[in-house]
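In the UniProt record's numbering, the protein residues as written are 1 to 70.
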């Protein structure tokens, strides 16, 4: 694995950890303030964005791994 790819994977991992932590904090704040986890527009948009990023990352890692096998 090249140095560039290692750096990219580290950056993606840090980015994911920050997003998941922010998502957890938002849901906790919302749960404490309203008593329920009904998503507001911004919150649900954030969830959709996070899921899209996670799926795209998983796909790119899978594609990269398969390309390295050959």
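C-beta atoms are modelled at their ideal positions from N, C-alpha and C, and glycine is treated no differently.
In the structure shown, residue 44 adopts helical secondary structure according to DSSP, grouped into three states.
For residue 34, the uninterrupted alpha helix (DSSP H) segment begins and ends at 3 to 34. Residue 54 holds the alpha-carbon nearest to the alpha-carbon of residue 17 among 6, 54, 28, 48. Annotated as distal: residue 50 and residue 11, with beta-carbon spacing of 9 Å or more. Residue 9 and residue 66 have their C-alpha atoms some 16 Å from each other.
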